[in-house]
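Enquirer:
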Amino acid sequence: MNTIEEQGYTFQEWLMPDQIAKDVQQVADQISTDYKDKEPLFVVVLNGAFVFAADLIRALKDVRCEQTFIRVSSYWGMSSTGQLEFIVPLQQVVDNRDVIIVEDIVDSGLTIHQLKAHMRGLGATSVRVATMLFKPNKLEYDDARPDYVGREISDEFVIGYGLDFDGFLRNLPSIYKVKEGTK
Ligand code: IMP
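Laid out in structure tokens, this is it:
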């Protein structure tokens, strides 16, 4: 197992490309079954989800679909529900569409909670969520529980396969977990 050193932290290789590919295929198979007679619109959440999304859409079987991208940043303003800031706004009409939001990881669920409300407000027929990783112990918004999950993990910081540490290391083909007690 490889390790990577970054800013005083040690990251241990956890999921290798062949295991990731199996997880992605299992998600793609479920989506292929559920959407075989639909034309879903995949809304890929930048930056992290681009790697997972690229593999996921190519692993689908007989699903006529479109893809579009969004980049948001969540912040807490005066409102108790939080606000979404659109860094890359949605470029495509979601009205009357079956939307599948694609995330790299669902943690507290705040991003998904807000994005789902946003899509519904724009008239989406249905909104589901596909994520490579899910931290169920961290979930704070029940409506953000993802419909399609590559793999559940406990509350650990992970990098690689699209997931970054301060903007770097997204390009690692494996997923690495931070080693406790480092730094
Ligand atoms: P949430 O809104 O709390 O669910 O946060 C989701 C976002 O937090 C993800 O799209 C990631 O950008 C980031 N994130 C959460 N956990 C991790 C992690 O372990 N590694 C890298 N990014 C993470």
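So the sequence shown is numbered by my numbering: it starts at -14 and just counts up by one. C-beta: ideal position from N, C-alpha, C; glycine also. Predicted model, so just to flag it, every value in this text is computed and none were measured.
(1) Taking all protein chains shown into account, do 16 or more other C-beta atoms lie within 10 angstroms of the C-beta of Ser64, making it buried, or fewer, making it exposed?
(2) What is the DSSP secondary structure of Ser64, reduced to helix, strand or coil?
(3) Helix, strand or coil for Leu135 per DSSP?
(4) Report the residue from Phe153, Asp92, Val112 and Tyr133 whose alpha carbon sits nearest the alpha carbon of Tyr126.
(5) In its own chain, which residues sit with a C-beta less than 7 Å from the C-beta of Ile72, not counting the 5 before and 5 after it?
(6) Taking contact to mean at least 3 C-beta pairs separated by less than 8 Å, is the region 73 to 91 in contact with the region 111 to 122?
(7) What does the alpha-carbon distance come out to for the pair Phe169 and Lys7?
(8) Is the beta carbon of Leu154 within less than 6 Å of some heavy atom of ligand 1?
(9) Note down the Cα distance separating Gln52 from Asp80, rounded to an integer number of angstroms.
Expert: This is what the structure holds:
(1) Reading the sequence shown from its first residue, position 79 is the one you call residue 64. In this prediction, Ser64 scores a pLDDT of 47, lower than 50, which makes its location untrustworthy; the coordinate-derived value is nonetheless stated afterwards. Exposed.
(2) To locate residue 64, count along the sequence shown from 1; it is residue 79. Residue placement at Ser64 cannot be trusted, given a pLDDT of 47 that sits under 50; what the coordinates show is reported in the next sentence. Ser64: coil per DSSP, three-state reduction.
(3) Walking along the sequence shown from the start, residue 135 turns up at place 150. Checking the sequence, you will find Gly at residue 135 rather than Leu. Gly135 falls in the strand class under three-state DSSP.
(4) Along the sequence shown, one-based indexing puts residue 126 at 141. Among Phe153, Asp92, Val112 and Tyr133, the Cα nearest to that of Tyr126 is on Asp92.
(5) Counting from one through the sequence shown, the residue named residue 72 turns up at place 87. Arg56, Val57 and Ser58, listed in sequence order.
(6) yes
(7) Outside the displayed range of the chain (-14 to 168) lies residue 169, so it cannot be described from this structure.
(8) Taking the sequence shown and counting its residues from 1, the one referred to as residue 154 is at position 169. Leu154: no, Cβ never under 6 Å from ligand 1.
(9) Here residue 52 refers to the residue found at position 67 of the sequence shown. Here residue 80 refers to the residue found at position 95 of the sequence shown. In a straight line, the C-alpha of Gln52 is about 15 Å away from that of Asp80.
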